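Below is one structure, written out as structure tokens, with a few remarks after it.
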């Protein structure tokens with residue numbers, strides 16, 4: 203039995219009603235922990251202490267910190283779960299693959315609605331902004347940018363994130379045309395190379411996409 207499976211077995215609640223209550227307590231405790239400490243500094247053990255449960259119970263419900271954070275903010279999609287697949291692809295395709303994944307997932311009306319609500323909540327709350335920024339930077343963009351071994355990987359990650367968040371706000375929250383009704387393939391063709399440039403572009407003598 204794996205270590206994770208063993209932790210889940212030991213932390214498994216005995217009754218369904220108690221299970222729902224315990225999971226809810228963990229999510230509430232996680233929301234408080236992330237709000238106070240941010241995504242980077244928060245830990246699953248600290249969440250367990252705050253919720254008054256054994257750490258094994260947290261692992262029973264959630265695979266890792268990213269999984270718990272996504273449940274806390276009710277994230278409509280999980281780009282952190284496909285990063286491994288993307289990193290296995292040719293590096294020249296990563297920007298377009300990331301854009302295609304994101305906007306294909308958000309073609310679902312319910313997912314897009316949850317994303318709009320999340321973005322509005324985050325942008326109107328400095329604590330929420332920090333949490334989501336740290337999550338995206340650590341779990342998504344920094345892992346992509348680190349593939350270049352570039353000294354400015356963090357800046358590259360932030361710029362890539364700002365590009366995608368800006369398009370999402372324009373398309374789904376502000377609903378500005380023609381971006382709001384643009385075809386996903388068109389967005390991939392136009393935005394993908396820009397994200398690729400932010401992550402992997404050579405700043406010494408190489409023009410940005412479109413120049």
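Residue numbers (the working numbering): 203 to 413.
Cβ atoms here follow ideal geometry from the backbone N, Cα and C, with glycine treated the same way.
Only a predicted model underlies this, so the values are computations on that prediction, with no experimental measurement involved.
Nearest to residue i by alpha carbon, out of the options?
i: residue 314; options: 227, 258, 295 and 277; result: 277
i: residue 361; options: 378, 342 and 376; result: 342
i: residue 345; options: 312, 402 and 333; result: 402
i: residue 356; options: 335, 384, 380 and 339; result: 339
i: residue 318; options: 223, 335, 240 and 371; result: 371
i: residue 382; options: 349, 311, 281 and 320; result: 311
Within the 8 Å Cβ cut-off, does residue i reach chain D?
i: residue 387; result: Protein chain content of the structure displayed is limited to a single chain, and chain D is not contained in it.
Just to confirm my understanding: we take residue i, look at its own chain, exclude 5 residues before and 5 after, and list those with CB closer than 6 Å. What are they?
i: residue 406; result: none
i: residue 227; result: 253
i: residue 231; result: 249, 252 and 253
i: residue 242; result: 336
i: residue 378; result: 372
Given residue i, which residues of its chain have a CB within under 7 Å of its CB, disregarding the five upstream and five downstream residues?
i: residue 233; result: 274
i: residue 240; result: 332, 333 and 336
Are the CB atoms of residue i and residue j nearer to each other than 8 Å?
i: residue 246; j: residue 258; result: no
i: residue 398; j: residue 298; result: yes
i: residue 309; j: residue 249; result: no
i: residue 279; j: residue 288; result: no
i: residue 316; j: residue 375; result: no
i: residue 301; j: residue 394; result: yes
i: residue 282; j: residue 291; result: no
i: residue 224; j: residue 235; result: no
Since residue i and residue j should fall inside the 8 Å C-beta cutoff, what is the C-beta to C-beta distance between them, to a whole number of angstroms?
i: residue 264; j: residue 389; result: Not quite, the Cβ-Cβ distance comes to about 32 Å (not below 8 Å), so this is no contact.
i: residue 347; j: residue 358; result: 4 Å
Excluding five sequence neighbours on each side, which residues of the same chain lie with their C-beta closer than 8 Å to the C-beta of residue i?
i: residue 284; result: 303
i: residue 210; result: The predicted model places residue 210 with a pLDDT of 49, which falls under 50 and marks its position as unreliable, so this point remains unresolved.
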